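K.L.:
In my numbering, the protein residues as written are 12 to 94.
Next up is a structure, given as structure tokens.
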Amino acid sequence: MSWLDALQLGDLDPATRMELTCRRCGKVRFVKPSELLARADYRRLWLSEVQARARCRQPGCGSAMRLALPAGGSARGFVGGIA
Ligand SMILES: [Zn+2]
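Written as structure tokens, this is what we have:
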């Protein structure tokens with residue numbers, strides 16, 4: 012179990028910049044929780060589920076992506092708080 016299973020999208024600061032990296036082509040894109048939370052069913056998603064749903068947007072790729080948070084981001088302090 013990783014930190015991705017310990018945090019729900021709704022737990023993050025909406026302004027946190029999450030980094031999604033394509034596992035195949037390496038394309039990086041950034042997404043904020045506030046953008047995903049615009050979809051009603053996303054608030055209770057674990058970050059591991061968010062990662063599982065993410066797909067690369069490069070034409071012809073569409074591969075799975077790896078989710079990461081910036082070092083020192085607000086989620087790190089949150090994890091420390093519940094550990
Ligand atoms: Zn890709």
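Cβ atoms here follow ideal geometry from the backbone N, Cα and C, with glycine treated the same way.
Values in this document were obtained by computation on a predicted structure and should not be read as measured data.
May I ask you to report which of helix, strand or coil DSSP gives L47?
P.N.:
helix
K.L.:
Do L58 and L18 have their C-beta atoms closer together than 8 angstroms?
P.N.:
The beta carbons of L58 and L18 sit closer together than 8 angstroms.
K.L.:
Rounded to the nearest angstrom, what separates D22 and Y53 at their Cα positions?
P.N.:
11 angstroms
K.L.:
Apart from the five residues on each side of it in sequence, which residues of its chain come closer than 6 angstroms, Cβ to Cβ, to P25?
P.N.:
P44, S45
K.L.:
Under 6 angstroms from any heavy atom of ligand 1, by CB: list those residues in chain order, please.
P.N.:
C33, R35, C36, K38, C67, Q69, C72, S74
K.L.:
Under the rule that 16 or more other beta-carbon atoms within 10 Å means buried, what is M12, buried or exposed?
P.N.:
exposed
K.L.:
Using a Cβ-Cβ cutoff of less than 8 angstroms, which residues in the same chain neighbour K38 once the five nearest sequence positions on both sides are dropped?
P.N.:
Once the five neighbours on either side are set aside, the close Cβ partners of K38 are T32, C67, R68, Q69, C72.
K.L.:
Locate the beta strand (DSSP E) running through A75, then write down its first and last residues.
P.N.:
In the DSSP annotation of this structure, A75 is not part of any beta strand (DSSP E), being labelled neither H nor E.
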